[in-house]
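Notes follow once the structure below has been shown.
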Amino acid sequence: MLVKNEIGCAPSGFEPWGTHRQRRVGILLNPRSGTTRSGFDACSQLLTQHKQVIHREVVTPEDIAAALVEMASQQVDVLAVCGGDGTVQATLTALFHTKPFDVRPPLALLAGGTTNMTAADVGIAGKPAPALQRLLAWSEGSGSVGHIERRGVLRVDRGPDCTPFFGMFFSAAGIVQVTRARWDTRRRARSHVMRGALGTALTVGRYVLGLALRRRVVEPTSIAIRLDGQTFDPADYLALFITTLVRLSPGIYPYWGEEAGPLRYTAVAYQPRHLLLATPSLLRGKPNRYLTPEFGYTSKNIYEAVLQLEAECALDGQFIDKPTQHPLMITYGGEADFLRL
13 MLVKNEIGCA PSGFEPWGTH RQRRVGILLN PRSGTTRSGF DACSQLLTQH
63 KQVIHREVVT PEDIAAALVE MASQQVDVLA VCGGDGTVQA TLTALFHTKP
113 FDVRPPLALL AGGTTNMTAA DVGIAGKPAP ALQRLLAWSE GSGSVGHIER
163 RGVLRVDRGP DCTPFFGMFF SAAGIVQVTR ARWDTRRRAR SHVMRGALGT
213 ALTVGRYVLG LALRRRVVEP TSIAIRLDGQ TFDPADYLAL FITTLVRLSP
263 GIYPYWGEEA GPLRYTAVAY QPRHLLLATP SLLRGKPNRY LTPEFGYTSK
313 NIYEAVLQLE AECALDGQFI DKPTQHPLMI TYGGEADFLR L
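Position one of the sequence shown corresponds to residue 13 (the numbering used here), numbered consecutively onward.
Shown next as structure tokens:
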């Protein structure tokens, strides 16, 4: 069982976590999260060989919350999640909002979904079954030495009568429109390949090409913004996101703020100037003479964002209901620990 401060107090970076003793692992498996049936069956087969491991199939946020209460009662000290970004987001929300554990266990993320941006940044590398095998070997006192990486978590509040959400990547404007289109094409796709990363790349590429050709491929989203108490006039936006992730995919780090805040904020105005010249630097987070607020590109490290908008938003790819008369508030929600192997 974990005790407070067992894994160190560093606000970020890596803390070694060795194999000097066995760990009690609990695993959440989402069979509908997008992994192939053969991949899910391979994980299930592995677990039949490790009877001591507590594992539960979960689909809905309610399933996840109930499973976490059970695992907390059984003193799980490492919580594995085999699912996509939405499963991770629902797990974080249950952990931080209902707080079933006295001390939150580290998370071991297995990339078992259609989209796995969070697991790609702070999870265990590889396909779910091999990653699970390494995790189980480590938990039994063998295998490689683990490290704990501590990351901030976003809190999204929609109003005083709404349950807050917790996650790692908040998005609005064109990003959400592209996400919605990707969900639609995924439902129509006949092959598993097109439902995965390749299909996502093709969808995003089509939109980027359209923007480069000055076509109206996404609609403008009007947003009134307040960042750390500084108010900006309502304006139309092409893209806006707030995250605690370090990378969004291999080689993509689209933020360049130098402030001390724990949340990375990037926004692109609708019809920004010099889009083709700015995009390579934007994706790498390397400011150049085009990547300026005057031309429509802003990136800051913030503590709080308050957004007033009518369009839907998303947290880790999961759509958030259209806001009521209350603005959305995105703040620092605390820290989570992630096991890396």
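Glycine included, every Cβ here is placed at the ideal spot set by N, Cα and C.
In this structure G171 is exposed. Its beta-carbon is surrounded by fewer than 16 other beta-carbon atoms within 10 angstroms. If you compare the alpha carbons of P176, V318, G263 and L275 with that of D333, the shortest gap goes to P176. Counting only residues of its own chain and dropping the five nearest sequence neighbours on each side, G308 has a CB closer than 7 Å to the CB of V280, A281, P284 and R285. For Q330, the pairing in a beta bridge is given by DSSP as L327. For H159, the three-state secondary structure derived from DSSP is strand. Within the stretch 118-163, the complete alpha helix (DSSP H) runs of at least 4 residues fall at 129-134 and 140-151. Shown here for S45: same chain residues with a beta carbon closer than 6 Å to its own, the five before and five after excluded, namely G95, G96, T99, G124 and G125 in chain order. The three-state reading of DSSP puts P246 in strand, counting E and B together. A Cβ-Cβ distance of about 7 Å is found for the pair L275 and Y315, placing them in contact under the 8 Å criterion. Nearest C-alpha to R352 among G138, G38 and V71: G138. When I254, D75, L59 and R68 are compared, the shortest CA-CA separation from L144 is found for L59.
Judged by DSSP in its simplified three-state form, R276 adopts strand. Judged by their CB atoms, A317 and L252 are not nearer to each other than the 7 Å cut-off.
Under the three-state reduction of DSSP, R285 is assigned to coil, being neither helix nor strand. It is roughly 6 Å from the alpha-carbon of A272 to the alpha-carbon of N313. The alpha carbon of T304 has as its nearest neighbour, out of V93, Y267 and A54, the alpha carbon of Y267. The three-state secondary structure of E69, taken from DSSP, is strand. In this model, G38 and P112 are separated by some 14 Å (Cα to Cα).
Between T103 and the set Q57, I66 and P73, the nearest pair of CA atoms involves P73. Taking P246 as the centre and dropping the five residues before and after it, the same chain places the C-beta of S234 and A236 closer than 6 Å to its C-beta, in chain order. Per DSSP, the unbroken beta strand (DSSP E) holding L91 starts and ends at V90 to G95. Counted as a single uninterrupted DSSP element, the beta strand (DSSP E) harbouring A185 occupies residues F181 to A185. By the beta-carbon neighbour count (other beta carbons within 10 angstroms, threshold 16), D173 is exposed.
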